[in-house]
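Take 408 as the starting number for the sequence shown in my numbering and just add one per residue. Presented below is the structure to which this report refers.
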Amino acid sequence: MKKNLPEKLYDIIPSQQSMYLMVKYSFSKQLVQIPISVTVERDLDFDVMTKALNIEFERNDSLRLRFVKDGKSIKQYFLPSLRVARAPMKYFRSIEEQREYLDKDARKPIRFDKDECFRILFYKTANVGSGIYFNVSHMIMDALGSIIFFMDLMAVYQALMAGEELPAPLYSYEEYVQQELQKVSEKKKWDKHEKWYREYFEKGGEPIYAAVHGPDFLEKARIKKKNPDLRVPAAYNPIYDKCKLVQGHIGAEDAAKIFDFCRKNSIAPESLFMMGLRTHCSALNYRTDDVFMMATCSKRATVKEKRMSGCLAQPIQVRTIIPETATFMEGLKEYTSVRTQLYRHTDYPYISARDMSREMYNYSLIQGPACMMFTWIPLPIDMDLGFKFEFKFHDLGRYFTPLYTICSPDPTDKGINLNYMYRVKLSRDTQIEALHSNALKVIMAGIENPDITVKELLDMCD
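Quick look at the structure:
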């Protein structure tokens with residue numbers, strides 16, 4: 408163990424355990440980082456921004472989180488303080504140079520095990536303005552946590568520039584860590600969650616792998632294993648984890664219809680998009696009524712949690728069995744019901760739930776029925792900072808699931824962005840483009856006619 412560590416060493420909490428599991432078995436070690444940039448159409452004063460950043464280090468204790476090996480386990484602790492004289496700064500002569508530079512850094516591992524938990528860069532770009540690039544370890548911050556960091560940093564900067572009071576401080580992530588570790592020790596609740604998960608995995612029997620690349624991979628695995636009834640192939644091989652990012656966009660007009668439908672029907676956008684994505688996956692894979700996805704639960708239900716950075720999110724395993732006779736609205740209600748039940752049991756660690764399903768169906772470490780990971784980032788679409796800005800998620804280059812879909816509102820034009828990061832060993836650009844096209848087609852058809860049947864929606868995808 409390192410010397411001179413503080414007395415307060417904590418175990419990592421369930422949300423961090425999920426991230427640590429991914430990187431532990433990864434060859435590339437870049438699976439658990441979030442590279443994001445925000446470009447604004449104005450010149451930022453980087454002297455003031457440096458001051459704002461140092462204030463943010465005080466306000467946002469997740470930025471002061473560090474890790475250390477303790478025998479075979481990993482522990483975490485919080486630095487008492489952190490300051491920089493000035494963050495690195497770069498001038499880009501063109502958008503192309505900016506994209507190339509930032510994408511290259513996005514693929515460079517963040518070595519959280521060697522005290523590098525994030526990299527930050529201030530930059531200026533010809534004919535555009537200024538920006539901040541932030542590549543952060545998922546061990547200290549989830550995707551929504553990184554957005555909270557950006558928004559709070561900009562709010563502090565704005566207050567400094569205007570000579571006004573600083574915004575209300577963020578809540579302590581250290582206190583959240585302490586609370587999560589306490590929950591893990593509560594055996595009665597643990598047993599209750601465990602019982603629910605076992606019944607959840609048993610219902611419907613063994614799931615089937617229904618991915619965006621169609622059934623060919625599964626059929627080849629059936630031949631190789633000499634098992635025509637095989638339902639879940641080994642699609643999570645850590646050696647072949649190279650990814651490519653394809654970006655899709657939904658314009659403001661359709662986005663407005665989507666958000667309006669969600670408000671009127673009390674439907675979360677996550678359910679709507681997952682319904683569209685799952686319909687395409689079903690159409691490609693024997694028109695199965697059984698589609699299994701992973702999704703991220705932000706675990707930010709309270710006002711306090713919504714004003715907290717750090718890593719709170721945890722994967723949930725969303726399995727829906729929706730017959731062709733069901734209507735679009737019935738399918739959405741099923742998604743809402745399943746997600747709500749899963750949310751109620753997110754205190755039970757994802758790793759424990761995953762190990763349970765592996766044991767029940769005798770899966771190897773690289774087998775899993777989920778066809779994708781889905782994340783909804785609820786960026787406020789009506790943010791008004793007094794200037795235009797653009798968020799961009801950069802390509803990690805590697806990931807463990809066959810497909811990772813990140814969906815978020817686009818404050819630039821009030822549309823919706825979808826970032827599809829897919830494993831090149833399994834899929835192609837054209838397959839991702841078909842997924843995007845058909846998912847949007849299904850969503851818009853369902854909004855227009857909520858009583859349209861799943862069969863009719865599947866027919867649209869064929």
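Note that CB positions come from ideal geometry on N, CA and C, so glycine has one too. Remember, predicted model here, so these are calculated numbers, not experimental data.
C-beta contact flag for residue i and residue j at 9 Å
i, j, result
"Val849", "Thr709", "no"
"Met779", "Ala618", "yes"
"Phe807", "Pro645", "yes"
"Glu581", "Pro421", "no"
"Met456", "Ile554", "no"
"Lys531", "Lys497", "yes"
"Ala846", "Gly717", "no"
"Phe680", "Thr819", "no"
"Ile517", "Ala494", "no"
"Ser435", "Arg805", "yes"
"Asp802", "Cys650", "yes"
"Thr743", "Lys862", "no"
"Ala662", "Pro756", "no"
Span separating the alpha-carbon of residue i from that of residue j
i, j, result
"Met715", "Asp636", "47 Å"
"Leu865", "Arg694", "8 Å"
"Gln440", "Val430", "10 Å"
"Ile758", "Glu448", "43 Å"
"Ile729", "Gly612", "15 Å"
"Ile723", "Arg500", "43 Å"
"Gly655", "Ala760", "32 Å"
"Gln870", "Arg473", "An answer regarding residue 870 cannot be provided, because it is not within the stretch 408 to 869 covered by the chain."
"Met408", "Thr734", "Bear in mind that a pLDDT of 42 at Met408, under 50, signals an unreliable position, so the model cannot answer this."
"Asn826", "Ala841", "14 Å"
"Asp696", "Gly552", "35 Å"
"Phe556", "Leu577", "9 Å"
"Met558", "Glu463", "11 Å"
"Gly775", "Ile615", "9 Å"
"Cys688", "Pro574", "45 Å"
"Lys821", "Asp754", "34 Å"
"Leu772", "Tyr647", "14 Å"
"Asn634", "Glu626", "10 Å"
"Ala562", "Gln838", "41 Å"
"Lys590", "Gly478", "24 Å"
"Ala566", "Glu572", "6 Å"
Residue i versus the options, residue with shortest Cα-Cα distance
i, options, result
"His600", "Tyr750, Met700, Val725", "Tyr750"
"Val639", "Phe699, Ser544, Arg670, Tyr755", "Phe699"
"Val491", "Val831, Val445, Leu470", "Leu470"
"Val543", "Pro809, Phe800, Asp858, Thr812", "Phe800"
"Ile854", "Phe668, Asn692, Gln585", "Phe668"
"Ala550", "Thr860, Leu772, Lys479, Pro785", "Pro785"
"Pro857", "Met828, Glu737, Pro756, Pro809", "Glu737"
"Lys483", "Asp452, Ile527, Met546", "Looking at the sequence itself, residue 483 is Gln, so the reference to Lys does not match. Here the closest residue by C-alpha is Met546."
"Glu504", "Lys521, Ala533, Gly658", "Ala533"
"Ile481", "Asp512, Leu416, Glu507, Lys602", "Leu416"
"Val831", "Arg605, Tyr643, Thr747, Val563", "Tyr643"
"Arg605", "Asp762, Thr782, Leu652", "Asp762"
"Phe798", "Ser444, Tyr427, Phe608, Asp512", "Ser444"
"Asp621", "Val584, Met828, Ala690", "First, the residue type needs correcting, since residue 621 is Gly and not Asp in the sequence shown. Checked all of Val584, Met828, Ala690; the closest Cα to Gly621 is Ala690."
"Lys706", "Glu507, Trp603, Ala566, Tyr583", "Tyr583"
"Gln585", "Pro442, Leu428, Phe485", "Phe485"
Coarse secondary structure for residue i, derived from DSSP in three states
i, result
"Thr860", "strand"
"His656", "strand"
"Gln348", "It is not possible to answer for residue 348, since the shown part of the chain is limited to 408 through 869."
"Ile419", "coil"
"Leu509", "helix"
"Cys718", "coil"
"Lys409", "Here Lys409 scores only 48 on pLDDT, less than 50, and its place in the model is too uncertain to base an answer on."
"Ser759", "helix"
"Thr837", "helix"
"Lys610", "coil"
"Val563", "helix"
"Tyr647", "coil"
"Gly621", "coil"
"Ala702", "strand"
"Val849", "helix"
"Tyr530", "strand"
"Arg726", "strand"
"Gly738", "helix"
"Tyr578", "coil"
Cross-strand partners of residue i (DSSP beta bridge)
i, result
"Lys799", "Ser444"
"Pro816", "Ile823"
"Thr743", "In DSSP, Thr743 forms no bridge with anything."
"Asp549", "For Asp549, which the question treats as bridged, DSSP gives no partner whatsoever."
"Gln483", "Tyr417, Phe474"
"Asn542", "Pro442, Arg526"
"Phe557", "Paired residues: none, contrary to the question."
"Leu810", "Tyr829"
"Trp783", "Cys814"
Contact test: residue i Cβ vs the ligand ADP heavy atom, cutoff 8 Å
i, result
"Asp648", "The model depicted lacks the ligand ADP and carries no ligand whatsoever."
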